[in-house]
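Numbering (our numbering), first residue to last: 58 to 337.
Heads up: the structure comes next, in structure tokens.
Written out as structure tokens, the structure is:
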């Protein structure tokens, strides 16, 4: 019986690690391929897409910067994404806390409306947004994209934070109230520090989603002053129809910020997935 059990456990472990390695491979392979391709010449890519570059130089990156305003689009993305993430996190932090802790008449309706917004496709609201933004004078502006992206990030972030707040013991809040703390003081000095891993997680998710968002960045802009990095990649597809090495260089420059962000914040993200709270 023990031998049979060991064999079964060994087979289960083999398939578990096999699928883990397979998932890691299919996740990293495109990034590694693009990174290596960004250093290859046109002839090297045509001769073998899987070969290593003969030399590592920045010629393709220089070409990518010369033929498209990627730096301007990059700065637009940093500004738009940064403000949108801050707005979303601030609103969700307060709203999700109230929903998770208090009962009031409109609570169920608010949750239902936020749930319904998750099922609303972007294409269904793009034309009304286009008309409204034109009338308000915020079409083709950074403010317009910030409003859209901030609103888009609320539903999913809201449910993540409601679940996270429910893991925090109410005993801490009750102790604070007994000591004379106000609601605002309790929220700012006790709840928010404990909720930091969850807030960091939704901030990173929002950063990645907005950084890679293409549809509204194209629909709600018409010039270079508000367009973001994904639109720049769309231009490369036309400009470098046969020069994939420069396109790979642009892709690497676009993906790099999200990789760096995840490396810096991975500890907080893992804490939000695994950490519990003080049990009362």
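Beta carbons: idealized from backbone N, C-alpha and C, even for Gly.
This one's a predicted model, so the numbers in the text were calculated from it and none came from an experiment.
Tell me which same chain residues have a C-beta within less than 8 angstroms of the C-beta of residue 148, skipping the five on either side of it? Taking the first residue of the chain shown as 1, we reach residue 148 at position 91. Excluding residues within five positions, the ones whose Cβ falls inside 8 angstroms are 207, 211.
In angstroms, rounded to a whole number, what distance separates the CA positions of residue 322 and residue 124? By 1-based counting over the chain shown, the position of residue 322 is 265. By 1-based counting over the chain shown, the position of residue 124 is 67. Cα-Cα distance, rounded: 33 angstroms.
Within the same chain, show all residues whose beta-carbon is closer than 6 angstroms to that of residue 276, passing over the 5 residues directly before and after it, in chain order. The count along the chain shown starts at 1 and reaches residue 276 at position 219. Taking residue 276 as the centre and dropping the five residues before and after it, the same chain places the C-beta of 183 closer than 6 angstroms to its C-beta, in chain order.
When we look at the beta-carbon of residue 260 and count the other beta-carbons within 10 Å, is it buried (16 or more) or exposed? Within the chain shown, the letter at position 203 stands for residue 260. Per the 10 Å Cβ criterion, buried.
Touching or not, the region 299-311 and the region 95-110, by the rule of three or more beta carbon pairs under 8 angstroms? Three or more Cβ pairs closer than 8 angstroms define a contact, and the region 299-311 meets that threshold against the region 95-110.
Locate the alpha helix (DSSP H) running through residue 212, then write down its first and last residues. Indexing the chain shown from 1 puts residue 212 at position 155. Following the DSSP letters along the chain, one finds residue 212 inside the alpha helix (DSSP H) bounded by residues 199-222.
Which same chain residues, not among the five before or five after residue 145, have their C-beta less than 7 angstroms away from its C-beta? As a working note, residue 145 is residue 88 in the chain shown. Scanning its chain for C-beta atoms nearer than 7 angstroms, with the 5 sequence neighbours on each side dropped, one finds around residue 145 the residues 207, 210, 211, 214, 263, in chain order.
Quick one, are the C-beta atoms of residue 288 and residue 274 less than 8 angstroms apart? On the chain shown, position 231 is the one that residue 288 refers to. On the chain shown, position 217 is the one that residue 274 refers to. Yes; because the gap between Cβ atoms is below 8 angstroms, this pair is in contact.
Mapping the DSSP letters down to three states, classify residue 76 as helix, strand or coil. Walking along the chain shown from the start, residue 76 turns up at place 19. Note: residue 76 maps to helix in three-state DSSP.
If the criterion is Cβ atoms closer than 8 angstroms, does the pair residue 267 and residue 105 meet it? For this step, residue 267 is matched to residue 210 along the chain shown. For this step, residue 105 is matched to residue 48 along the chain shown. Not a contact, by the Cβ cut-off of 8 angstroms.
Report back the beta-carbon spacing between residue 272 and residue 179 to the nearest angstrom; my notes put them in contact at under 8 angstroms. The count along the chain shown starts at 1 and reaches residue 272 at position 215. The count along the chain shown starts at 1 and reaches residue 179 at position 122. 5 angstroms between Cβ atoms; contact.
Whole-angstrom distance between residue 80 and residue 225, CA atom to CA atom: Counting from one through the chain shown, the residue named residue 225 turns up at place 168. Counting from one through the chain shown, the residue named residue 80 turns up at place 23. Straight-line Cα distance between these residues: approximately 33 angstroms.
On the criterion of 16 or more Cβ atoms from any shown chain inside 10 Å, does residue 127 qualify as buried, or is it exposed? For the purposes of this step, residue 127 is identified with residue 70 of the chain shown, where counting begins at 1. Residue 127 is buried by the Cβ-count criterion.
Segment contact flag, the region 244-260 with the region 227-234, C-beta cutoff 8 angstroms, min 3 pairs: Short answer: they touch.
Suppose you measure from the CA of residue 341 to the CA of residue 269; what does that come to, to the nearest Å? Residue 341 is absent from the model: the chain starts at 58 and stops at 337.
With 16 other Cβ atoms within 10 Å as the buried cut-off, status of residue 68: As a working mapping, residue 68 is identified with position 11 in the chain shown. Taking every protein chain shown into account, the CB of residue 68 has fewer than 16 other CB atoms within 10 angstroms, so this residue is exposed.
Put residue 114 into one of helix, strand or coil per three-state DSSP. Reading the chain shown from its first residue, position 57 is the one you call residue 114. Coil, per DSSP.
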